[in-house]
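Each remark here refers to the structure printed beneath this line.
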Amino acid sequence: MKSVETKYMEAREGLLRSLHNMDRRTFFKVSAAAAGAALAKGLLPPHTFQLVRVAQAAPARAPFSFAYISDSHLYEKKVNERFIRAILRAIDDVNALDPQPDFVLFGGDLAQLGQAAELELGAQLLKEVKAPVRMMVGEHDWFLDMGEKWRALFGPDFYSFDHKGVHFVVVNSINEKDFWTARKMTPMERMNTVAGLDNPIQSRFEVGEAGRAWLKADLAKVSHDTPLVVFSHSPLYKYYENWNFWTADADEVQALLKPFDHVTVIHGHTHQLLTHRIDNIHFHGMLSTAWPWPYAPEGLPPLTVQMNRADPFSQHDGCGDGRVVVHPEGVVDKIYSLWERNPVTVKHTYLASGGQKDRPAATTLPTY
């Protein structure tokens, strides 16, 4: 015959085994019933039974995605419709995604020469995107009027927001030191100078002292275990200075990002598939809808799996848009949706392993 203590222990173990399937209300009902039954049967004295509060684990964050469209370089419609057709193709791509992305990042260089009509056209076209659109400025949007029209249409060029446990930061990384005043340049001369790739007159891009101060203050409010995703137009590293694929104060900016456990930087400007890692910071470039740039003759980030040279007879080869999947722990997979080629996915495991795991498949179009 079982002793009173044995019966009590068996009843207690049976109760604990069932707890993980119960909500709070059911738990207390069962506990009270068990206590009453035990008392009624004389299995234990009242003072020996204690209710145990079971802590419920916080629900895990679900993965989510955002899409991107970048570097459309729009002229006015009467000047050039080619780039308009390209951004419309990207908008159709994003609107067809199922499930829809949580938001869409526009990665900068909406306009070609920063003219009001170009920016207004771009704003009108982007209204066709179903998901919310987050804007970032590029140098082609900025240097005609130093961002006056862009800010009027889209708001601040530095801002941040929180979404599903991730802190997102948008920075203006295309500031330059004044090279135009002493040369008495017109606004359009300044714009055309900055728009050129191989130009020794202009300075190098930078976030700038004021921008770094803003970023430092913004990040001071964020816990280091919070996943961080930063959007910048120019790369926040130094790739190829002659073409200004370069941010002069990248080292200082990286120093502000390094204390965080998971950091991803998504940038535009280079019009090509780019992948890089510096310490704990993962970098991904965005495709352009307008044209692809060739890879620079030196400085290419070592983790980049190059897309092959674009077919000069195909308007959209090497162009495209894409998507970013954000995993619960804050790391991301980057999907490059190349219009004339197979898509390329760069997984977070590829960067985290220094290229040892999950190497992306190279594109298959032969080099010309």
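So in our numbering, spot 26 of the sequence shown is number 14, and the numbers just go up one at a time.
C-beta: ideal position from N, C-alpha, C; glycine also.
8 Å Cβ cutoff met for residue i and residue j
i, j, result
"Q260", "P290", "no"
"D97", "G256", "yes"
"H361", "M124", "Nothing can be reported for residue 361: it is not among the residues displayed for the chain, which extend from -11 to 356."
"V154", "S148", "no"
"H378", "A278", "Nothing about residue 378 can be reported from this structure: the residues present for the chain run from -11 to 356 only."
"F248", "H212", "yes"
Same chain, Cβ closer than 7 Å to residue i, neighbours up to 5 away in sequence not counted
i, result
"A111", "L141"
"D267", "K246"
"L207", "L244"
"E240", "R200"
"R13", "Note on R13: pLDDT 42, under 50, position unreliable in the model; no value is reported."
"A46", "Any reading at A46 is ruled out, since the residue's pLDDT is 42, under 50, leaving its predicted position unreliable."
"G318", "V154, P215, H250"
Close Cβ partners of residue i (< 8 Å) along its chain, the five nearest in sequence each way excluded
i, result
"G102", "H128, D129, W130, F131, L132, D133, K137, W138, M179"
"Q88", "K118, A119"
"N163", "F193, E194, V195, G196, G199"
Spatially closest choice to residue i from the options, by CA coordinates
i, options, result
"A50", "L107, H151, D166", "H151"
"V396", "V312, F248, G318", "Because the chain spans -11 through 356 in this model, residue 396 falls outside it and cannot be assessed."
"P223", "K172, E197, W327, V159", "V159"
"K66", "K345, L109, P188", "L109"
"W202", "G308, D145, L262", "D145"
"G184", "R171, V314, Q100", "Q100"
"W327", "Q303, V320, P348", "Q303"
Cα-Cα separation between residue i and residue j, rounded to whole angstroms
i, j, result
"F71", "Q294", "24 Å"
"Y227", "L339", "17 Å"
"P331", "W234", "26 Å"
"Y283", "T337", "24 Å"
"F54", "I75", "17 Å"
"K335", "K209", "29 Å"
"V218", "S161", "11 Å"
"T333", "I323", "4 Å"
Residue i - DSSP class collapsed to helix/strand/coil
i, result
"H250", "coil"
"V332", "strand"
"Y63", "coil"
"K137", "helix"
"Y225", "coil"
"I266", "strand"
Cutoff 6 Å; reference residue i; Cβ partners in own chain excluding five residues on either side
i, result
"S191", "E164, K165, F167"
"M274", "Y56, S58, G95, G256"
"K29", "Note that K29 has pLDDT 43, beneath the 50 cutoff, so the model's placement of it is unreliable and the number below is only indicative. Cβ neighbours of K29 beyond the five flanking positions: none."
"S325", "G308, D309, G310, P331"
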